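A short write-up of the structure that comes next.
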Amino acid sequence: MKWEDICSRCGLCCHEKVIFPEALVIDLSAPCEFYDEKSHSCTVYEHRFESCSRCEKVTPFMAAFGSSLPESCAYVKWAAAHHIRFAKKRELVLAEGAS
């Protein structure tokens with residue numbers, strides 16, 4: 100299985116977010132311009148890092164330590180299942196127009 104196959108295509112990593120000490124706020128009204136909300140996928144996936152400066156590659160390190168991924172993220176669940184999730188748990192707040 101390839102690393103990308105772990106993704107559940109929730110799309111939360113493709114939205115603007117703000118990280119607070121106790122909460123991760125994801126603005127559902129601010130997706131990346133290349134995010135297709137119907138298919139929950141990136142329209143420029145193969146070239147996403149060249150096309151979008153705010154796109155971050157989700158790596159095993161990010162799954163283990165990243166504060167910008169919610170606990171519901173399949174990568175985070177993978178890291179937790181392998182006992183390598185070390186990021187502080189934050190309340191997930193889904194908001195409209197938070198940015």
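Under my numbering, the residues of the sequence shown are numbered 100 to 198, in order.
Beta carbons are placed, not taken as given, at the ideal position from N, Cα and C, and that holds for glycine.
Note that the coordinates shown come from a computational prediction; the quantities given were computed from them, not determined experimentally.
(request) With a cut-off of 8 Å on the beta carbons, I'd call Pro169 and Leu123 a contact; round off their distance for me. (result) 6 Å
(request) Just mark Met100 as buried or exposed, buried being the case when its beta carbon has 16 or more other beta carbons within 10 Å. (result) exposed
(request) Give the DSSP bridge partners of Leu168, in chain order. (result) The partner list for Leu168 (beta bridge, DSSP) is empty, contrary to what the question assumes.
(message) Strictly by DSSP, which residues pair up with Lys156?
(response) Its beta-bridge partners do not exist; DSSP assigns none.
(message) Tell me the rounded alpha-carbon separation between Ser107 and His182.
(response) 20 Å
(message) So for Glu136, helix, strand or coil by DSSP?
(response) coil
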